[in-house]
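The structure appears right after this line, and notes come after that.
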Amino acid sequence: MVSQRKRSVCPHDCPSVCALDVEVLDEKTIGRVYGAKSHSYTAGVICAKVSRYAERVHHPDRLLYPLKRVGKRGVGISEYARIGWDEALETIAHRFKHIADEYGAQAIWPYHYAGTMGWMQRDGLDRLRHCLGTSRQHSTFCITLADAGWKAGTGTKRGSDARLMHKSELVVIWGGNPVSTQVNVMHHVTQAKRVSGAKLVVIDPYRTKTAEKADMHLMLKPGTDAALACAVIHVLLEEGLADRDYLARHTDFSDVTEQHFKTRTPQWAAEITGLTEQEIIEFAHLYASTRKSFLRIGYGFTRSRNGSTNMHAISCLPALTGAWTVEGGGALYSQSGMYALNTELLRALDVPHEHTRVFDQSRIGPVLCGDDKDLQDGPPVKALFIQNTNPAVVAPDTNQVLKGLAREDLFTVVHEQFMTDTARWADIVLPATMFLEHDDMYTAGGHTHIQLGPKLIDVPGECRSNHDVLRGLFKQLDLHHPANDMNERELIEATLKASELLPDLAELEKTGSVDCALPFASANFKDGFETKDKRFHFSPDWSLWGPNAEGMPAIADFWDVIDQSNDTHPLRLVTAPARQFLNTSFTETPTSVRMEKQPYLLIHPDDIDRYNLIEGKLVVLGNALGEVLIEAKAFDGVQRGTVVVESLWPNHRFVGGIGINALVSAEAGKPNGGAVYHDTAVWIKQYAGTVHNNVQSEPSDE
Ligand SMILES: Nc1nc2c(c(=O)[nH]1)N[C@H]1C(S)=C(S)[C@@H](COP(=O)(O)OP(=O)(O)OC[C@H]3O[C@@H](n4cnc5c(=O)[nH]c(N)nc54)[C@H](O)[C@@H]3O)O[C@H]1N2
Ligand SMILES: Nc1nc2c(c(=O)[nH]1)N[C@H]1C(S)=C(S)[C@@H](COP(=O)(O)OP(=O)(O)OC[C@H]3O[C@@H](n4cnc5c(=O)[nH]c(N)nc54)[C@H](O)[C@@H]3O)O[C@H]1N2
Ligand code: SF4
Ligand SMILES: [Mo]
5 MVSQRKRSVC PHDCPSVCAL DVEVLDEKTI GRVYGAKSHS YTAGVICAKV
55 SRYAERVHHP DRLLYPLKRV GKRGVGISEY ARIGWDEALE TIAHRFKHIA
105 DEYGAQAIWP YHYAGTMGWM QRDGLDRLRH CLGTSRQHST FCITLADAGW
155 KAGTGTKRGS DARLMHKSEL VVIWGGNPVS TQVNVMHHVT QAKRVSGAKL
205 VVIDPYRTKT AEKADMHLML KPGTDAALAC AVIHVLLEEG LADRDYLARH
255 TDFSDVTEQH FKTRTPQWAA EITGLTEQEI IEFAHLYAST RKSFLRIGYG
305 FTRSRNGSTN MHAISCLPAL TGAWTVEGGG ALYSQSGMYA LNTELLRALD
355 VPHEHTRVFD QSRIGPVLCG DDKDLQDGPP VKALFIQNTN PAVVAPDTNQ
405 VLKGLAREDL FTVVHEQFMT DTARWADIVL PATMFLEHDD MYTAGGHTHI
455 QLGPKLIDVP GECRSNHDVL RGLFKQLDLH HPANDMNERE LIEATLKASE
505 LLPDLAELEK TGSVDCALPF ASANFKDGFE TKDKRFHFSP DWSLWGPNAE
555 GMPAIADFWD VIDQSNDTHP LRLVTAPARQ FLNTSFTETP TSVRMEKQPY
605 LLIHPDDIDR YNLIEGKLVV LGNALGEVLI EAKAFDGVQR GTVVVESLWP
655 NHRFVGGIGI NALVSAEAGK PNGGAVYHDT AVWIKQYAGT VHNNVQSEPS
705 DE
């Protein structure tokens, strides 16, 4: 076979959802991966880690056969023996039936997240939950706090088309680090600079690679963004820079709102954010200088106990200047709410399921450890069935998670591509296909296309797709659902057919990608927001967006419920994404690991002196939840009192064997839950032990 370029889609959990051109060398092998030039959002740009995907697909450590554990829990591949699929599925079905008989099916918890964003492979697990009557999952790792905050004002989850950024005169990247986390945004920022002479503002607690490119970097304290937003609103109102007409016609702005913002002065915000009054006023003036201001909003500032309120306060800004009314103006958090995909068949929503309990995904530690409140008077969890996620590393409160996974009476199945920190605890490990080895369909957060990712190469070893594993398991459990009579393609076809306003499979297949963008007037809410009164809400009804709205501010405001630093815990920790990893994916590929080297703590040089630390040596970070050993690196791109660890390194990459989420609380953000990854107060001290080499040798990285 002659090498060919074939169209695909990046399956990873990244808003860019890039259209890919994959070099297919033969039936089994890929070469380099490129961004599709013809795609209007991807525009030929993708991140480096995915361009070298051959390292991941053809990795020597890929799981290729079903395994059963014959040795110790938590250790790794040496403790497993190869088995056949029949034995694997029979064992799982047998144990599930046994557990369901003894404790009820709700003692089984199918657990998943977004290791792949393909609808077929990611969301099919709901069918098992619904048809077997197991416990369900409230997914709270990522978007929950942000969603509630954005919807509180706008009533929906969509925003301005990022492809209009070339018309913007000001781009504000707020709480995101797209150079690392969604590189395509930077392509559109470059267009804005070139075509419209745009200025770039970045708002982030540390000098990220994105902040290095900014005309203005506001380096505020983590969790304080709402104070900055409120002070900007104050300046605009006080100095006559607000679009009063827009406020009157399109929002719920009132005298009470006006009085509220009178008290939110730059001086007030300076104290909370650690910025100077001058910086805040300068930013307010810049924001007011043009309506062609594009807010590209990330997740960073929402991963705090007050995360939803931070998002809501920031989402107020375009209403102040009327930026929504012009092309190149407005804001984008995510477009994912604009696709009217009908998932009833895929997720077996037709099967009654409301009676079963729902666990908070981020509270897997307390759930497995038997927390009464989490268990909701139901049986303990006796079995886990995990797809597309690595909770031993990514979930909050690692000590609790590992304690739970270590339970001798817990039966754990992990369906994975690699022997992750989570898979090491499993009784049965199943080998999973990668995106180039199965069919799937993708929608996006950063743009407006629906895309098809077809199977391009042969399946290695005995890997099976999530969909196929579910089909096999249903059979063994004597369960039936029409979705299991279909292969992925048939299920995609049926799903599209049942969805309004979306193309059919034949149309999708023609180019691999169909743009579902709304006309400008709808996209920028000129014909109304999706609230009841069609107005943007400065005073949201938080109870619409989650059950725990008590105490949330009545009008956009800084909500002081974060884990503030104090005398015993003087530092605030941010656990931002590392550039060469994607969550824990790519922590197995040699080039990514080589480039990231090892876990580091970024800390201000003055704090190194203040806490008598030695740069380049191990320090201990700790709080009531745990302790983490990590090497300190002096870095002046951060305020004193803030420290940053770029993640998500596997636990075994830390000298103490436990990673950064050991310090992150499993407390649920309000009003609807949500993990608080960047909201942690810690103490620090020099490590007195003798271990200095932080990189453990692992065969996978040689
Ligand atoms: N400290 C800290 N913790 C965080 C974050 C942070 O910023 N800081 N970020 C949080 C966020 S935003 C998120 S979304 C979560 C993400 O956490 P995860 O969803 O756990 O992370 P991923 O690495 O994206 O994917 C997990 C696994 O899915 C597997 N996988 C991929 N495709 C397939 C497939 O088709 N089938 C099967 N069976 N498996 C597959 C991959 O091999 C990978 O090991 O982490 C959260 N944790
Ligand atoms: N390379 C790489 N790319 C990724 C990922 C990855 O792990 N690595 N993860 C993927 C996933 S699942 C997601 S959800 C997205 C997330 O991507 P982003 O939207 O970029 O969000 P975060 O991961 O939360 O963090 C981004 C930035 O927010 C900053 N931040 C933290 N706290 C605050 C705060 O209180 N205020 C402000 N203003 N900023 C704050 C952090 O310092 C960081 O630079 O990226 C995706 N892309
Ligand atoms: S930027 Fe995001 S969507 Fe694009 S290739 Fe990289 S990880 Fe995938
Ligand atoms: Mo995420």
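Using the numbering used here, you'd call the opening residue of the sequence shown number 5 and step up by one each time. Yeah, the Cβ is synthetic: ideal placement off N, Cα and C, and Gly gets one too. Bear in mind the structure is a predicted one, so any value in this text is a computation, not a measurement.
Unbroken alpha helix (DSSP H) run spanning residue i, endpoints
{"i": "residue 627", "result": "Looking at the DSSP string, residue 627 is not in any alpha helix (DSSP H); the run it does join, the beta strand (DSSP E), is 622-627."}
{"i": "residue 197", "result": "188-200"}
{"i": "residue 284", "result": "281-292"}
{"i": "residue 490", "result": "No alpha helix (DSSP H) holds residue 490; DSSP gives it neither H nor E."}
{"i": "residue 236", "result": "229-242"}
Sheet register partners of residue i (DSSP bridge)
{"i": "residue 581", "result": "651"}
{"i": "residue 335", "result": "299"}
{"i": "residue 419", "result": "391 and 434"}
{"i": "residue 630", "result": "627"}
{"i": "residue 177", "result": "206 and 300"}
{"i": "residue 363", "result": "141"}
{"i": "residue 455", "result": "446 and 517"}
{"i": "residue 10", "result": "26"}
{"i": "residue 642", "result": "210"}
{"i": "residue 221", "result": "206"}
{"i": "residue 122", "result": "The partner list for residue 122 (beta bridge, DSSP) is empty, contrary to what the question assumes."}
Local Cβ density within 10 Å of residue i, reported as buried at 16 or more and exposed below that
{"i": "residue 359", "result": "exposed"}
{"i": "residue 374", "result": "exposed"}
{"i": "residue 693", "result": "exposed"}
{"i": "residue 559", "result": "buried"}
{"i": "residue 505", "result": "exposed"}
{"i": "residue 5", "result": "exposed"}
{"i": "residue 621", "result": "exposed"}
{"i": "residue 697", "result": "Because the pLDDT at residue 697 is just 34, under 50, the model does not fix this residue reliably, and the value given afterwards should be weighed accordingly. It counts as exposed."}
{"i": "residue 31", "result": "exposed"}
{"i": "residue 49", "result": "buried"}
{"i": "residue 658", "result": "buried"}
{"i": "residue 465", "result": "exposed"}
{"i": "residue 125", "result": "buried"}
{"i": "residue 88", "result": "exposed"}
{"i": "residue 525", "result": "exposed"}
{"i": "residue 296", "result": "buried"}
Residue i versus residue j: straight-line alpha-carbon distance, rounded
{"i": "residue 167", "j": "residue 44", "result": "8 Å"}
{"i": "residue 107", "j": "residue 273", "result": "53 Å"}
{"i": "residue 520", "j": "residue 204", "result": "28 Å"}
{"i": "residue 15", "j": "residue 446", "result": "8 Å"}
{"i": "residue 601", "j": "residue 590", "result": "13 Å"}
{"i": "residue 285", "j": "residue 268", "result": "12 Å"}
{"i": "residue 654", "j": "residue 68", "result": "21 Å"}
{"i": "residue 651", "j": "residue 27", "result": "30 Å"}
{"i": "residue 629", "j": "residue 388", "result": "24 Å"}
{"i": "residue 194", "j": "residue 462", "result": "39 Å"}
{"i": "residue 64", "j": "residue 39", "result": "25 Å"}
{"i": "residue 522", "j": "residue 511", "result": "18 Å"}
{"i": "residue 4", "j": "residue 165", "result": "A query on residue 4 cannot be resolved here, the shown segment of the chain reaching from 5 to 706 and no further."}
{"i": "residue 201", "j": "residue 19", "result": "26 Å"}
{"i": "residue 11", "j": "residue 457", "result": "7 Å"}
{"i": "residue 246", "j": "residue 290", "result": "13 Å"}
{"i": "residue 23", "j": "residue 252", "result": "41 Å"}
{"i": "residue 277", "j": "residue 207", "result": "11 Å"}
Boundaries (first-last residue) of the beta strand (DSSP E) holding residue i
{"i": "residue 429", "result": "Per DSSP, residue 429 belongs to no beta strand (DSSP E) and is neither H nor E."}
{"i": "residue 114", "result": "112-116"}
{"i": "residue 85", "result": "84-86"}
{"i": "residue 517", "result": "517-519"}
{"i": "residue 29", "result": "23-30"}
{"i": "residue 72", "result": "71-73"}
{"i": "residue 89", "result": "Unbroken run through residue 89 is the alpha helix (DSSP H), 89-107; no beta strand (DSSP E)."}
{"i": "residue 684", "result": "684-690"}
{"i": "residue 184", "result": "Where residue 184 is concerned, there is no enclosing beta strand (DSSP E), although the alpha helix (DSSP H) it sits in stretches over 182-185."}
{"i": "residue 612", "result": "Looking at the DSSP string, residue 612 is not in any beta strand (DSSP E); the run it does join, the alpha helix (DSSP H), is 609-614."}
{"i": "residue 34", "result": "33-39"}
Any C-beta of chain D under 8 Å from that of residue i
{"i": "residue 328", "result": "This model lacks chain D altogether, as it is built from one protein chain only."}
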